[in-house]
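44 is the number that the working numbering gives to position 44 of the sequence shown; each next residue is one higher, with no gaps. Glycine residues also receive a C-beta, built at the ideal position from the N, C-alpha and C atoms. Working notes, beginning with the structure itself.
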Amino acid sequence: MKKILLILAAVALTTVGCNKNQAPAGGETKPAAETTESDAAAAASSGTIAYFNVDSLISKYDMYLDLRAEYEAKAKKADAELTSKGRSLESDLKDYQNKIDKGLVTRSEAMTMQENLEKKQQSFVQHRDKVMNELAEQEQVMLNKIHYNITEYLKEFNSDYRFKIILSTTSGGPVMNADPSLDITQIVLEGLNKKYAAEGKTNKNSEKLSLDK
1 MKKILLILAA VALTTVGCNK NQAPAGGETK PAAETTESDA AAAASSGTIA YFNVDSLISK
61 YDMYLDLRAE YEAKAKKADA ELTSKGRSLE SDLKDYQNKI DKGLVTRSEA MTMQENLEKK
121 QQSFVQHRDK VMNELAEQEQ VMLNKIHYNI TEYLKEFNSD YRFKIILSTT SGGPVMNADP
181 SLDITQIVLE GLNKKYAAEG KTNKNSEKLS LDK
């Protein structure tokens, strides 16, 4: 589940900041942590391109981790509920078939049981589809939030256009090799987590003020 969510989020961010230009291709890139703010500043002074690794960024982005934990908890609860309902339905079907095979019910009783089972099965399918649709919607909203927050932060981060363009890279993506000094993954990650933490404190303070009134 975690790997699937990371892949989906990475796909959603692959084109961030990459509308007109393309970075040079080649071999592997160094870890984002090796790039410092001074490296980025030096690269920016030459009016060059910067890039960040989507996989590394999202996997350590606190907002993503929180939303993912919330989603997985809901998905786990839904799975347990559907499994329980499914087993109950399966048990009823076996009981019905057993009574039919052994002639333990009249034709009228059998018809009533069959109708009840069909209604129960239909109700289960409708509920299952509803739950799955809700989970899919929550997952999409989560990815949209991650994409939006990263995109908006990059606008703030590069509001002075120190970089002419900021590319996003992924494992196996089009950017295979680049100068490590242009990698701003760690800088962006720290900024995102700092902003997320600050927004969390602001929300908590607002809730506290509301309760105190």
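Quick one: grab the DSSP three-state call for residue i.
i, result
"serine 171", "coil"
"aspartate 183", "strand"
"asparagine 144", "helix"
"phenylalanine 52", "strand"
"asparagine 116", "helix"
Just how far apart, CA to CA, sit residue i and residue j?
i, j, result
"methionine 113", "serine 88", "15 Å"
"glutamate 134", "tyrosine 61", "24 Å"
"glycine 185", "histidine 147", "First, the residue type needs correcting, since residue 185 is threonine and not glycine in the sequence shown. Straight-line Cα distance between these residues: approximately 15 Å."
"glutamate 139", "isoleucine 100", "44 Å"
"glycine 173", "tyrosine 51", "12 Å"
"asparagine 149", "aspartate 95", "53 Å"
"lysine 195", "leucine 65", "15 Å"
"serine 159", "serine 59", "25 Å"
"leucine 192", "asparagine 177", "25 Å"
"methionine 63", "glutamine 122", "38 Å"
"aspartate 179", "threonine 151", "23 Å"
"lysine 76", "valine 141", "18 Å"
With a threshold of 16 other CB atoms inside 10 Å of the CB of residue i, please say whether the residue is buried or exposed.
i, result
"glutamate 199", "exposed"
"threonine 169", "buried"
"leucine 57", "buried"
"aspartate 79", "exposed"
"aspartate 129", "exposed"
Would you kindly check if the distance between the Cβ of residue j and the Cβ of residue i is under 8 Å?
i, j, result
"leucine 117", "leucine 143", "no"
"phenylalanine 124", "lysine 85", "yes"
"threonine 48", "lysine 145", "no"
"aspartate 55", "serine 181", "no"
"valine 131", "leucine 82", "yes"
Is any heavy atom of the ligand FAD found at a distance shorter than 7 Å from the C-beta of residue i?
i, result
"phenylalanine 163", "Because no ligand of any kind appears in the structure shown, any question about the ligand FAD cannot be addressed here."
For residue i, list the residues DSSP reports as bridge partners.
i, result
"isoleucine 150", "Its beta-bridge partners do not exist; DSSP assigns none."
"isoleucine 166", "Ala50"
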